[in-house]
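K.L.:
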Amino acid sequence: MMQKFQRFGAAMFVPVMLFSFAGIVVALGSLFNNPTLFGSIANPGTAWNSVWDTISAGGWTVFNQEGILFTVGLPIGLANKARGRAAMESVITYLTYNYFIGAMLTHWGAAFGIPNFDKIQIVANATNHGLTNIAGIKTLDTSILAALVVALIVTLLHNKYFDKKLPDWLGTFQGSTYIYVLSFFLMIPLALITCWGWPKVQLGISSMQHFIVSSGFIGVWIYNFLNRILIPTGLHHLVYIPFQFGPAVVAGGLQPYWLKHLTEYAASARPLAQLSPLEGFQLYGNEKVFLVPFICLAFYATAKKNKKKQTSALLIPAALTSVLAGITEPIDFTYLFAAPALWVVYSVMSATMNTVMYLFGLRGFMSDGAIGIASMNWLPLWGNHWHTYVMQFIVGIIFGVITYFVFKIMIEKFNYITPGREADDEDVKLINKKQYKQKMAAKAAGKDANDPYIARATAYLDLLGGASNITELSSCATRLRVSVADPSKVAPPDSQFKANKAVNVVHHGKAIQVIVGLDVPQVLDEMNQLMQESGNDAKVSTEQDNPYIERATGIVDLLGGEENIKDVIACSSRVSNYIFDTKKVAPDAEFKKIVDSYEVQHRDNNEIDIVVGLDADQVVDQMKQLL
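Going by the numbering used here, 1010 is the number at position 524 of the sequence shown; the sequence numbering is gapless.
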């Protein structure tokens, strides 16, 4: 399960990687168009302002189209095959879902609590009654949550049905069309559920806003907590937009109000808490500047030794993006789904830090990173309010250190899969805990940890390079058929397998066959359970393969591999093989032991006949498929 969370988090990171650059562009646009720093040259209507406004508009693309971005990105990270087609299927399904919502609200908006759906105009920096435009479609503002749900549904359908063979008369509907047909009809009930439930969720958020404004520092804490904890759902927009741009606190919103009085505040020596007592809600940029770098440090400190260099290369630019531009997504989504408890801790620490700063008199508009905060707070106000900002840094660093230790302790205690602790290296890291995990798995299954099948399964997993090295696992009548990610991790001396009661091992690139014997089903079952317990989501089939495939594969391997076989034909009870190099052929005794042949006959012209019995035709058919 942990590996599935990690894979989902990695898939989330596909679109998130774009946020770093876009965030820097937006922050620079905000900085260079600040009249307080650049004077009249930055006023609206000037060439300078127009140029930077144009650049900022391009930077906002990623943030304005988050839903579509995640709808495309998730299948790219999660689809098992044809990822480009999966992304296409996901986008068209997401748009279909929103068209359904728009049509339902147009016809039955009153029944869903939005009676004037057609008359509501979508404008920037407003809640728009919970509505938004997505690719020109007026629909409910579900942020990235609905995009993720739709993308997951489509990806699951794609992975399961993309290759499904339909009857010939339906052949035109195979592949992507079939996935879209299935998704199309699933989107109808999903859109209906969204129309019914989402406005109720939004109404609850609106009611919470009125409570927050009238609750003093308690309201500040609740506001900051909700603004952080709700980010995965997209509902945080309904928390901060009415404060930042709407009338929840002051007419016109806190950001315009702050900027309008900025010159007045800069000229006064009175405390900011007296000058602007209401500007205590927009302090949530502080966690981006002070907490995120320490979270990155905790990830680095808990990373595996062999992954520290790679981890630092990932975290340093992401941390700088958070500190400078206030874009935290590159960090957030690396652990949000793998370790949601850390997200709760982060939200609590953020809210508490901002509330403490509020109690110490900090006020201002601090929703971005250091560039935005400096341009609208530190630089214009430092002369008369430097002591408040010194306090801000002291509190921020203290909370950053606390957050570092809390994260580090929790990551190590609960073994969260944070950056640098990926599952593909987990076996190396957890080698000393392997017996404990196996005993716990056996106990959970109600079995004796000393069961011989568990012992053999454990040994084979280790010798095959660990559970994370296995990508597919199945069995024939007497052998395990294994596909590994890295053949170099497989124990080279086959004697180690034989020491654990394997008859033999056949190596064929990434395909490994461990000849176990007639009890292979029991060993396979235990290996499957151990792999699941370790978080490996490899494809495992407990159904035995066709026995003819087993004998055919064994003969091909013993003859030196498919590249050593010129031709093969069936002749009564024997398999006649024409070989390029007889030196690559295994000893006759191996054919009798591994593929249960009756006799091996060597003839002229590099012909080798293997007497297998009356099923020679079936064996040859399977060999030809392999060749």
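The C-beta atom is built at its ideal place from N, Cα and C for all residues, glycine as well. Note that this is a predicted model, so its numbers are computed, not measured.
By how many angstroms is the C-alpha of Gly1047 removed from the C-alpha of Val1006?
P.N.:
Whole-angstrom Cα-Cα distance: 24 Å.
K.L.:
If Asp539 and Asn519 are in contact, beta carbons under 8 Å, what's the gap, nearest whole angstrom?
P.N.:
6 Å between Cβ atoms; contact.
K.L.:
Quick check on the DSSP output: the alpha helix (DSSP H) that includes Asp1082 runs from which residue to which?
P.N.:
That residue, Asp1082, is in no alpha helix (DSSP H); it is neither H nor E in DSSP.
K.L.:
Taking the DSSP output, what are the residues bridged to Gln1087?
P.N.:
Answer is Asp1095.
K.L.:
How about Tyr585 and Thr557: do their beta carbons lie closer than 7 Å?
P.N.:
No. Outside cutoff.
K.L.:
Is it buried or exposed for Asp627, if we count other Cβ within 10 angstroms and need 16 for buried?
P.N.:
With 16 or more other Cβ atoms within 10 Å, it is buried.
K.L.:
Please classify Leu1100: is it buried, with 16 or more other beta-carbons within 10 angstroms of its beta-carbon, or exposed?
P.N.:
Exposed, since its Cβ has fewer than 16 Cβ neighbours within 10 Å.
K.L.:
Does DSSP put Asn936 in a helix, in a strand, or in coil?
P.N.:
For Asn936, the predicted structure reports a pLDDT of 49, less than 50, and the residue's modelled location is therefore unreliable. A value from the coordinates is still provided. If DSSP states are grouped into helix, strand and coil, Asn936 belongs with coil.
K.L.:
Taking the Cβ atom as the reference point for each residue, do Val706 and Tyr832 lie within a distance shorter than 7 Å?
P.N.:
Going by C-beta atoms, Val706 is not nearer than 7 Å to Tyr832.
K.L.:
Assign Gln1015 to one of two classes, buried (16 or more other C-beta atoms within 10 Å of its C-beta) or exposed (fewer than that).
P.N.:
The residue is buried, with at least 16 neighbouring Cβ atoms inside 10 Å.
K.L.:
Go through its chain and collect everything with a Cβ distance to Leu867's Cβ below 7 Å, but skip five positions before and after it.
P.N.:
Around Leu867: Tyr751, Ala752.
K.L.:
Note down the Cα distance separating Tyr469 from Gly952, rounded to an integer number of angstroms.
P.N.:
For the chain, the structure presents residues 487 to 1113; residue 469 sits outside this window and is missing.
K.L.:
Tell me which residue opens and which closes the alpha helix (DSSP H) that Lys984 is part of.
P.N.:
Here the alpha helix (DSSP H) through Lys984 covers 980-985.
K.L.:
Counting C-beta neighbours from all protein chains within 10 Å, is the total for Gly932 16 or more, i.e. buried, or is it exposed?
P.N.:
Reliability fails at Gly932, whose pLDDT of 48 lies under 50, so the model's placement of it is uncertain and the value that follows must be treated cautiously. Under this definition Gly932 is an exposed residue.
K.L.:
Quick check on the burial criterion: 16 or more other C-beta atoms within 10 angstroms. Buried or exposed for Ile1108?
P.N.:
Note that residue 1108 is Gln in the sequence shown, not Ile. The residue in question, Gln1108, is buried, as its Cβ has 16 or more Cβ neighbours within 10 Å.
K.L.:
Among Leu783, Leu806, Pro757, Phe703, whose alpha-carbon lies nearest the alpha-carbon of Gln768?
P.N.:
The shortest Cα separation from Gln768 among Leu783, Leu806, Pro757, Phe703 belongs to Phe703.
K.L.:
Along the chain, where does the beta strand (DSSP E) containing Ile562 start, and where does it finish?
P.N.:
Note, Ile562: premise wrong, no beta strand (DSSP E); alpha helix (DSSP H) at 552-564.
K.L.:
By alpha-carbon positions, which one of Leu716, Arg1037, His871 ends up nearest to Arg1060?
P.N.:
Minimum Cα distance to Arg1060 is reached at Arg1037.
K.L.:
So is Glu1085 buried or exposed if we call it buried at 16+ other beta carbons inside 10 Å?
P.N.:
It counts as exposed.
K.L.:
Below 6 Å CB to CB, which residues in the same chain sit around Ala977 once its five sequence neighbours on both sides are set aside?
P.N.:
Closer than 6 Å at Cβ, skipping near neighbours: Leu949.
K.L.:
Can you tell me whether Tyr902 is helix, strand or coil according to DSSP?
P.N.:
Three-state result, Tyr902: coil.
K.L.:
Return yes when the Cβ of Ile1096 is within less than 7 Å of the Cβ of Asn990, no when it is not.
P.N.:
No, Cβ-Cβ distance for Asn990 and Ile1096 is not below 7 Å.
K.L.:
Please say whether Glu575 and Ser701 have beta carbons closer to each other than 7 Å?
P.N.:
Against a cut-off of 7 Å, the Cβ pair of Glu575 and Ser701 comes out as no contact.
K.L.:
What does DSSP give as the partner residue(s) for Lys624 in the beta ladder?
P.N.:
According to DSSP, which records beta bridges pairwise, Lys624 is partnered with Asn619.
K.L.:
Give the single residue among Leu560, Thr618, Asn619 whose Cα lies nearest to the Cα of Asn645.
P.N.:
Asn645 has its Cα closest to that of Leu560, out of Leu560, Thr618, Asn619.
K.L.:
Checking the sheet assignment: what are the DSSP bridge partners for Arg965?
P.N.:
Arg965 pairs with Ile1001.
K.L.:
Does the distance from the CB of Lys894 to the CB of Thr749 come in under 7 Å?
P.N.:
No. Outside cutoff.
K.L.:
So, under 8 Å CB-CB, Ala1056 and Ala1102 are touching, yes? Tell me the CB distance rounded to an integer number of Å.
P.N.:
At roughly 5 Å, the Cβ-Cβ gap stays under 8 Å, so Ala1056 and Ala1102 are in contact.
K.L.:
Between which two residues does the beta strand (DSSP E) holding Asn1063 run?
P.N.:
Start and end: 1060-1065.
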